[in-house]
Amino acid sequence: MLYILVFLAGLFSGFINVIAGGGSLITLPVLNLLGLPIDVANGTNRIGIIFQNITATTKFRKNDVLDLKRAIFLAIPATLGALVGANIVVNIDKALLKSIVGFILIIMSIFLVKKPDLWTKERKVKRNNIISFVVFFLIGIYGGFIQAGVGFFLMSALVLLEGYDLVKTNAIKVFLVLIYTLFAFIVFAVNDQVNYIAGFVLALGSISGGYLGSTFSIKKGAKWIQRVLFIVLIIIGIYYIYNALTK
Numbered sequence: 190m191l192y193i194l195v196f197l198a199g200l201f202s203g204f205i206n207v208i209a210g211g212g213s214l215i216t217l218p219v220l221n222l223l224g225l226p227i228d229v230a231n232g233t234n235r236i237g238i239i240f241q242n243i244t245a246t247t248k249f250r251k252n253d254v255l256d257l258k259r260a261i262f263l264a265i266p267a268t269l270g271a272l273v274g275a276n277i278v279v280n281i282d283k284a285l286l287k288s289i290v291g292f293i294l295i296i297m298s299i300f301l302v303k304k305p306d307l308w309t310k311e312r313k314v315k316r317n318n319i320i321s322f323v324v325f326f327l328i329g330i331y332g333g334f335i336q337a338g339v340g341f342f343l344m345s346a347l348v349l350l351e352g353y354d355l356v357k358t359n360a361i362k363v364f365l366v367l368i369y370t371l372f373a374f375i376v377f378a379v380n381d382q383v384n385y386i387a388g389f390v391l392a393l394g395s396i397s398g399g400y401l402g403s404t405f406s407i408k409k410g411a412k413w414i415q416r417v418l419f420i421v422l423i424i425i426g427i428y429y430i431y432n433a434l435t436k
């Protein structure tokens, strides 16, 4: 019964992750419920993330919405950052970190409503490779040790620094998460923090969710992604703040 729950969690999180982000806030508690320690749940969760993003990246690539050349460039700093994040112990109060992230996400949701065209229309921006390298490296560190919510930060950087609309942003986002998660997963596997049975059950659901999410993204376009993103940002932002204040 619990494995059915893991599959369904993978299905829903795969859909949400591809469109917006925050799916790990669903899968991590479910893996905990299965009896996995939080460190093992964190490592096991990466299996589902890998497979959902393989599916989504393939779909985006077939529909010619993935800027692969730029995505490969941005994957380098994100992967380097993720390796750092997966290897270090972060000396920061977790409640404080969750509060900060929660407030940032809510501010982003307000910005999403106030400046809708910024997110739904592709723009020509003067890209600065050095700034992009640093920003995506820092986001990679966050993704390496926390993962949950990293999609929101990737999407913000891709829209504001790179000038992509939300459809192309989603395509590059899932590619970046796929690449750096592959390398981060090795760290968890080497440290024996992966339950492979639970991970592959999760992956089965994530593959289906990733396919549905990428299909929805391509067919519905940036406006629909913006609406889903706004709802998820508010929910996850409140969750982070509540979770921080009650611990």
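When we follow the numbering used here, the leftmost residue of the sequence shown carries the number 190, and every step to the right adds one. Positions of the beta carbon are idealized from the N, C-alpha and C atoms, including for glycine. Remember, it's a predicted structure, so these values are computed and weren't measured experimentally.
For residue i, the three-state DSSP class (helix, strand or coil)
i: V273; result: helix
i: M226; result: What sits at residue 226 in the sequence shown is Pro, not Met. In the structure shown, P226 sits in coil (DSSP, three-state: anything other than H, G, I, E or B).
i: G237; result: helix
i: G352; result: coil
i: G232; result: helix
i: L365; result: helix
i: G212; result: coil
i: V379; result: helix
i: V207; result: helix
i: L194; result: helix
i: V339; result: helix
i: K315; result: coil
i: T247; result: helix
i: V279; result: Unreliable placement is indicated for V279, whose pLDDT of 41 sits below 50; the coordinate value is still reported in the next sentence. Correct three-state label for V279: coil.
i: L217; result: helix
i: V254; result: coil
i: T435; result: coil
Residue i, enclosing alpha helix (DSSP H) - first and last residue
i: N318; result: 318–334
i: K408; result: 385–409
The ligand NAP heavy atom lying under 7 Å from the CB of residue i
i: R235; result: For the structure depicted, the ligand NAP is absent and the ligand set is empty, with no information on it obtainable.
For this session: Evaluate the contact criterion for the region 192–203 versus the region 348–356: three or more CB pairs, one atom per stretch, below 8 Å.
Result: no
Problem set entry | At least three beta-carbon pairs within less than 8 Å, the region 369–382 to the region 227–242 | yes
For this session: Tell me, please, whether the region 247–265 touches the region 359–368 by the rule of three or more beta-carbon pairs shorter than 8 Å.
Result: yes
Exercise. If you pair each beta-carbon of the region 390–408 with each one of the region 240–252, do three or more pairs fall below 8 Å?
Worked result: yes
Problem set entry | At least 3 beta-carbon pairs within less than 8 Å: the region 367–376 vs the region 260–274 | yes
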